[in-house]
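Trainee:
Number of protein chains: 2
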Amino acid sequence: MARQAGVSAATVSRVLNDSPLVVEPTRARVRAAVDELGYRLNATARTLSLGRATAVGVVVPFFTTHSVIERLRGVVARLSGGGQRAYDLLLYDVEAPEQRADAMRDLADRNRVAGLLIVSLPIFDDEIDALQRDDLPAVLLDVSHPRLPGVVVDNVRGGELAAEHLLAKGHSHIGFVGDHPTNEYGFTSSEDRRRGFSSALDRAGIRLDPSMERYGVPDRDEADVLTRSLLQQPAPPTAIFAASDLQAIGVLRACEALGARVPDDVAVIGFDDVDLAEIVGLTTIHQPLRESGELAADLLVAAIEHGVHDPVQEVQELTVVERRTT
Amino acid sequence: MARQAGVSAATVSRVLNDSPLVVEPTRARVRAAVDELGYRLNATARTLSLGRATAVGVVVPFFTTHSVIERLRGVVARLSGGGQRAYDLLLYDVEAPEQRADAMRDLADRNRVAGLLIVSLPIFDDEIDALQRDDLPAVLLDVSHPRLPGVVVDNVRGGELAAEHLLAKGHSHIGFVGDHPTNEYGFTSSEDRRRGFSSALDRAGIRLDPSMERYGVPDRDEADVLTRSLLQQPAPPTAIFAASDLQAIGVLRACEALGARVPDDVAVIGFDDVDLAEIVGLTTIHQPLRESGELAADLLVAAIEHGVHDPVQEVQELTVVERRTT
DNA sequence: CTGAAAGCGCTTACAG
DNA sequence: CTGAAAGCGCTTACAG
Numbered sequence: 093m094a095r096q097a098g099v100s101a102a103t104v105s106r107v108l109n110d111s112p113l114v115v116e117p118t119r120a121r122v123r124a125a126v127d128e129l130g131y132r133l134n135a136t137a138r139t140l141s142l143g144r145a146t147a148v149g150v151v152v153p154f155f156t157t158h159s160v161i162e163r164l165r166g167v168v169a170r171l172s173g174g175g176q177r178a179y180d181l182l183l184y185d186v187e188a189p190e191q192r193a194d195a196m197r198d199l200a201d202r203n204r205v206a207g208l209l210i211v212s213l214p215i216f217d218d219e220i221d222a223l224q225r226d227d228l229p230a231v232l233l234d235v236s237h238p239r240l241p242g243v244v245v246d247n248v249r250g251g252e253l254a255a256e257h258l259l260a261k262g263h264s265h266i267g268f269v270g271d272h273p274t275n276e277y278g279f280t281s282s283e284d285r286r287r288g289f290s291s292a293l294d295r296a297g298i299r300l301d302p303s304m305e306r307y308g309v310p311d312r313d314e315a316d317v318l319t320r321s322l323l324q325q326p327a328p329p330t331a332i333f334a335a336s337d338l339q340a341i342g343v344l345r346a347c348e349a350l351g352a353r354v355p356d357d358v359a360v361i362g363f364d365d366v367d368l369a370e371i372v373g374l375t376t377i378h379q380p381l382r383e384s385g386e387l388a389a390d391l392l393v394a395a396i397e398h399g400v401h402d403p404v405q406e407v408q409e410l411t412v413v414e415r416r417t418t
Numbered sequence: 093m094a095r096q097a098g099v100s101a102a103t104v105s106r107v108l109n110d111s112p113l114v115v116e117p118t119r120a121r122v123r124a125a126v127d128e129l130g131y132r133l134n135a136t137a138r139t140l141s142l143g144r145a146t147a148v149g150v151v152v153p154f155f156t157t158h159s160v161i162e163r164l165r166g167v168v169a170r171l172s173g174g175g176q177r178a179y180d181l182l183l184y185d186v187e188a189p190e191q192r193a194d195a196m197r198d199l200a201d202r203n204r205v206a207g208l209l210i211v212s213l214p215i216f217d218d219e220i221d222a223l224q225r226d227d228l229p230a231v232l233l234d235v236s237h238p239r240l241p242g243v244v245v246d247n248v249r250g251g252e253l254a255a256e257h258l259l260a261k262g263h264s265h266i267g268f269v270g271d272h273p274t275n276e277y278g279f280t281s282s283e284d285r286r287r288g289f290s291s292a293l294d295r296a297g298i299r300l301d302p303s304m305e306r307y308g309v310p311d312r313d314e315a316d317v318l319t320r321s322l323l324q325q326p327a328p329p330t331a332i333f334a335a336s337d338l339q340a341i342g343v344l345r346a347c348e349a350l351g352a353r354v355p356d357d358v359a360v361i362g363f364d365d366v367d368l369a370e371i372v373g374l375t376t377i378h379q380p381l382r383e384s385g386e387l388a389a390d391l392l393v394a395a396i397e398h399g400v401h402d403p404v405q406e407v408q409e410l411t412v413v414e415r416r417t418t
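Protein chains in written order, with my numbering: chain Z, 93 to 418; chain X, 93 to 418.
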């Protein structure tokens, strides 16, 4: 014990917590002893005593997409910033829907965590009830719910942007490759993007024909086979909107395999603007991934430190980045 | 308190910890009460009481490379496996060298963590002393030290493999693009790869001329400008070995910009085999990234649960994956 | 087999 | 301004 400084544990605690109650001479004495012994507070005991944790939980489907990682980078940048109010970051990977509920219960009930950041995973009302019962602040990233603060993007609008871009390029026979509308994680962004896409087409007097749509699991290989079937029809599309960059890469690969030149025979536009997009020269809808993580982390810290008054939804800007595939 | 089950806290604790000392009827009664109340042990209190944490700390330079993320995926897959021996995962991002020391001191001293997994970051003797003083198991991933278990790859051998591949393709005028030998993180793999590369060339009677080497920070843009200067010399190389796939992408971009055809005018080989490599068709040295994370996580769990007897170094296999750039 | 009690390392009214 | 004491929610000898 650092009371080799000739003071009580209470005083050490006060000094280390910057209590104003300690007079300078003793304060100095304690600091000296602390430095000499390399003493540090035990965070576990502190958490228990204080009744609040110094860590935040980040619940995230770690394996699904590049974009999730990029968001996480923003979160990490903000949270382990070495600065004053650094929170420990407890990472909870969610591989399957059931795990999400488990993770949240674990984190909430056990008071391990001062707040929860939930990335890309839909949340249910009873789960929110549980969080509020435990007084656990939470913020959503890439999903939204009226009762919780969140940072999102207008995916429907993003779909419109994609349609407008393709329309402006003169296309009228257009295809779509995206996620199954119902999928095990409950992701909805692909479907939202398709809706916006489809309705913008409608407004231009063009119908997104069912024969021009393909759905599957959101990975490259699946997008590849989906695209082949799209392209091998009697009247193949001259442009394809993929619900994510990863899927767009699959589309590109199928085009290459079938000898369709991009963008001359078929134009391709993706969504997300992950680093891959720039590397392959993919035209895409850019969303601020890294920034979304930073913003969400800031919101969470604010919620932890000041409470949440009314749950803001931060809607981030979308832009089209034109590269070589359209 | 769940002693609504009519028993003491001690008994509840025993039941929840599967102590054999509790007779079946009471056990059942406690379980029923636990289920009904949705009661869960408070991990913080448990940690404090037991004197050992249920989390492991993962110290990782989160922003540096794709390969780090891929390794992390392996770690996550193993650790948050939902199974019995699931450890919480405390993520410590290290942005700068000083932070590494901070992170380790934080984690170790405060007893937050049952073990440490250190990814891609060199560690010093005095830091190891500190770990051992605290009895904190640690395993290294993508770095090695004689006193600690680790999983690595033979980077020198990898460089040789790259050289042998290029040699077999008939090249004799060969360039290298890699990291500065001394860099702030203390990464050494680029330099190790270059050494192996250079000595395999030597053995073939070919000298890696200083005018054929370029060094910089390990990112795409830097590799791009480095490559331009390499290619704009009187006698440009006909093949280039890049110390990582990311750098190889920069090399490819420079080739494109300068109108050099790949692989006809210049062949390019990378290192790592991240997903990017497959997407752009890059020939590269494959290392089992995901698996390395899984293995390291397993080693750490073993070290935590059974102690470490002698520090094994797991050396993983390297292979060349030939694609379209050589 | 079960309970009362002490202890894990902090924090914070409460006295002084 | 500082210390003694209680309490945070567990676990585990120690009795019984």
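Backbone N, C-alpha and C define an ideal beta-carbon position, used for all residues, glycine too.
Bridge partners of residue 306 of chain X, per DSSP?
Mentor: Position 214 of the second sequence, counted from the start, is the residue given in the question as residue 306 of chain X. Beta-bridge pairing links residue 306 of chain X to X:269.
Trainee: Are there 16 or more other CB atoms within 10 angstroms of the CB of residue 143 of chain X, so buried, or fewer, so exposed?
Mentor: Locating residue 143 of chain X in the second sequence gives position 51, where the first residue counts as 1. Exposed, by the Cβ-count rule.
Trainee: I want to verify the contact list: residues of chain X whose CB lies under 8 Å from the CB of residue 307 of chain Z, in sequence order.
Mentor: Within the first sequence, residue 307 of chain Z is the residue found at index 215, counting from 1. What residue 307 of chain Z touches in chain X: nothing, since even the nearest Cβ is about 22 Å away.
Trainee: Looking only at its own chain, which residues have a Cβ that is under 7 Å from the Cβ of residue 281 of chain Z, when we skip the five neighbours before and after it?
Mentor: What you label residue 281 of chain Z is simply residue 189 of the first sequence in a count that begins at 1. Cβ within range, chain order: 247.
Trainee: Applying a beta-carbon distance threshold of less than 8 Å, which residues of chain X neighbour residue 137 of chain Z?
Mentor: Numbered from 1 along the first sequence, position 45 holds the residue referred to as residue 137 of chain Z. Within 8 Å Cβ-Cβ: 140.
Trainee: To the nearest angstrom, report how far apart residue 183 of chain Z and residue 310 of chain X are at their CA atoms.
Mentor: Along the first sequence, read from residue 1 onward, the residue named residue 183 of chain Z stands at position 91. Along the second sequence, read from residue 1 onward, the residue named residue 310 of chain X stands at position 218. Distance between the alpha carbons of residue 183 of chain Z and residue 310 of chain X is about 27 Å.
Trainee: Quick check on residue 372 of chain X - is its C-beta less than 8 Å from some C-beta in chain Z?
Mentor: On the second sequence, residue 372 of chain X is found 280 positions in, with the first residue counted as 1. It does: the Cβ of residue 372 of chain X has a partner Cβ on chain Z nearer than 8 Å.
Trainee: Going by CA-CA distance only, name the one from X:407, X:237, X:401, X:262 that's closest to residue 358 of chain X.
Mentor: Counting from 1 along the second sequence, the entry for residue 358 of chain X is found at position 266. Ranking X:407, X:237, X:401, X:262 by Cα distance to residue 358 of chain X puts X:262 first.
Trainee: Quick one, which of X:228, X:214, X:101 has its alpha-carbon nearest residue 400 of chain X's?
Mentor: The sequence position of residue 400 of chain X within the second sequence is 308, counting from 1. Here the closest residue by C-alpha is X:228.
Trainee: Contact defined as beta carbons within less than 8 Å: I believe residue 341 of chain X pairs with residue 372 of chain X. What is the distance between those atoms, to the nearest angstrom?
Mentor: Translated into positions along the second sequence, residue 341 of chain X becomes position 249. Translated into positions along the second sequence, residue 372 of chain X becomes position 280. Residue 341 of chain X to residue 372 of chain X, Cβ: 6 Å. Contact.
Trainee: Within this structure, are the beta carbons of residue 49 of chain Z and residue 360 of chain Z separated by less than 8 Å?
Mentor: There is simply no residue 49 of chain Z to check, as chain Z begins at 93 and stops at 418 in what is shown.
Trainee: Please name the residue in Z:264, Z:221, Z:408 whose C-alpha comes closest to that of residue 233 of chain Z.
Mentor: Translated into positions along the first sequence, residue 233 of chain Z becomes position 141. Closest by alpha carbon: Z:408.
Trainee: Alpha carbon to alpha carbon, how far is residue 267 of chain Z from residue 300 of chain Z? Give it in angstroms, no decimals.
Mentor: Against the first sequence, residue 300 of chain Z aligns to sequence position 208. Against the first sequence, residue 267 of chain Z aligns to sequence position 175. In a straight line, the C-alpha of residue 300 of chain Z is about 7 Å away from that of residue 267 of chain Z.
Trainee: Given a limit of 7 Å on CB to CB distance, which residues of the region 157–182 of chain X reach chain Z?
Mentor: If the cut-off is 7 Å between Cβ atoms, the region 157–182 of chain X has 161, 165, 168, 172, 174, 180, 181, 182 near chain Z.
Trainee: The beta strand (DSSP E) spanning residue 406 of chain Z covers which residue range?
Mentor: Position 314 of the first sequence, counting from 1, holds the residue named residue 406 of chain Z. 405–408 is the extent of the beta strand (DSSP E) around residue 406 of chain Z.
Trainee: Assuming contact is defined by CB atoms lying nearer than 8 Å, are residue 363 of chain X and residue 346 of chain X in contact in what I supplied?
Mentor: For this step, residue 363 of chain X is matched to residue 271 along the second sequence. For this step, residue 346 of chain X is matched to residue 254 along the second sequence. Cβ atoms of residue 363 of chain X and residue 346 of chain X: not closer than 8 Å.
Trainee: Would the region 213–222 of chain Z and the region 289–299 of chain Z be scored as touching if the rule is three or more Cβ pairs under 8 Å?
Mentor: They do not touch, by the three-pair rule.
Trainee: Show which residues of chain Z have a CB atom less than 7 Å away from the CB atom of residue 203 of chain X.
Mentor: Counting from one through the second sequence, the residue named residue 203 of chain X turns up at place 111. By Cβ distance, chain Z contributes 134, 136.
Trainee: Are the CB atoms of residue 163 of chain Z and residue 235 of chain Z nearer to each other than 8 Å?
Mentor: Along the first sequence, one-based indexing puts residue 163 of chain Z at 71. Along the first sequence, one-based indexing puts residue 235 of chain Z at 143. Against a cut-off of 8 Å, the Cβ pair of residue 235 of chain Z and residue 163 of chain Z comes out as no contact.
Trainee: Output needed in chain order: residues of the region 368–396 of chain X with a Cβ under 8 Å from some Cβ in chain Z.
Mentor: Answer in chain order: 368, 371, 372.
Trainee: Return no unless some Cβ of chain Z is closer than 8 Å to the Cβ of residue 226 of chain X.
Mentor: Counting from 1 along the second sequence, the entry for residue 226 of chain X is found at position 134. Not closer than 8 Å to any Cβ of chain Z, the Cβ of residue 226 of chain X fails to qualify, so no.
Trainee: Whose C-alpha, out of Z:312, Z:239, Z:325, is nearest the C-alpha of residue 302 of chain Z?
Mentor: Stepping through the first sequence from its first residue, residue 302 of chain Z is reached at position 210. The shortest Cα separation from residue 302 of chain Z among Z:312, Z:239, Z:325 belongs to Z:325.
Trainee: In terms of residue numbering, what span does the alpha helix (DSSP H) encompassing residue 289 of chain X cover?
Mentor: As a position in the second sequence, residue 289 of chain X is number 197, starting the count at 1. Looking at the DSSP string, the run of the alpha helix (DSSP H) that includes residue 289 of chain X is 281–295.
Trainee: Please list, in chain order, the chain Z residues whose beta carbon lies closer than 9 Å to that of residue 341 of chain X.
Mentor: Against the second sequence, residue 341 of chain X aligns to sequence position 249. Within chain Z, the residues near residue 341 of chain X are 371.
Trainee: Output the boundary residues of the alpha helix (DSSP H) element that contains residue 335 of chain Z.
Mentor: The residue labelled residue 335 of chain Z in the question sits at position 243 within the first sequence. It is not in any alpha helix (DSSP H) - residue 335 of chain Z carries neither H nor E in the DSSP assignment.
Trainee: Looking at the strands, I want to know which residues DSSP matches up with residue 298 of chain X.
Mentor: Within the second sequence, numbered from 1, the residue matching residue 298 of chain X stands at position 206. The partner list for residue 298 of chain X (beta bridge, DSSP) is empty, contrary to what the question assumes.
Trainee: Taking C-beta to C-beta, are residue 166 of chain Z and residue 205 of chain Z nearer than 8 Å?
Mentor: Along the first sequence, read from residue 1 onward, the residue named residue 166 of chain Z stands at position 74. Along the first sequence, read from residue 1 onward, the residue named residue 205 of chain Z stands at position 113. Not in contact: residue 166 of chain Z and residue 205 of chain Z (Cβ atoms no closer than 8 Å).
Trainee: Kindly indicate if chain X contains any beta-carbon less than 8 Å away from that of residue 184 of chain Z.
Mentor: Along the first sequence, read from residue 1 onward, the residue named residue 184 of chain Z stands at position 92. It does; some Cβ of chain X falls within 8 Å.
Trainee: So what does residue 194 of chain X bridge to, in DSSP terms?
Mentor: Working through the second sequence from its first residue, we reach residue 194 of chain X at position 102. Per DSSP, none; premise fails for residue 194 of chain X.
Trainee: Closest to residue 223 of chain Z by CA distance: which of Z:171, Z:140, Z:193 is it?
Mentor: Position 131 of the first sequence, counted from the start, is the residue given in the question as residue 223 of chain Z. The shortest C-alpha separation from residue 223 of chain Z is found at Z:193.
Trainee: Buried or exposed, going by whether 16 or more other CB atoms sit within 10 Å of the CB of residue 254 of chain X?
Mentor: Along the second sequence, read from residue 1 onward, the residue named residue 254 of chain X stands at position 162. With 16 or more Cβ atoms within 10 Å of its Cβ, residue 254 of chain X is classed as buried.
Trainee: Based on the DSSP output, what are the partners of residue 446 of chain Z in its beta bridges?
Mentor: Given that chain Z is displayed from residue 93 to residue 418, the structure contains no residue 446 of chain Z and the question cannot be resolved.
Trainee: Measure the alpha-carbon distance for residue 278 of chain X versus residue 153 of chain X and round it to whole angstroms.
Mentor: Residue mapping note: residue 278 of chain X aligns to position 186 of the second sequence, counting from 1. Residue mapping note: residue 153 of chain X aligns to position 61 of the second sequence, counting from 1. The alpha-carbon atoms of residue 278 of chain X and residue 153 of chain X are separated by roughly 12 Å.
Trainee: Would you mind telling me which residues of chain Z sit closer than 9 Å to residue 154 of chain X, beta carbon to beta carbon, in chain order?
Mentor: Locating residue 154 of chain X in the second sequence gives position 62, where the first residue counts as 1. Chain Z residues near residue 154 of chain X: 164, 165, 168, 169, 172.
Trainee: Residue 253 of chain Z by DSSP, collapsed to three states: which one?
Mentor: Residue 253 of chain Z sits at position 161 when you count from the first residue of the first sequence. Residue 253 of chain Z: helix per DSSP, three-state reduction.
Trainee: Quick one: what's got a C-beta closer than 7 Å to residue 118 of chain X's C-beta in the same chain, skipping five residues either side?
Mentor: The count along the second sequence starts at 1 and reaches residue 118 of chain X at position 26. 99, 103.
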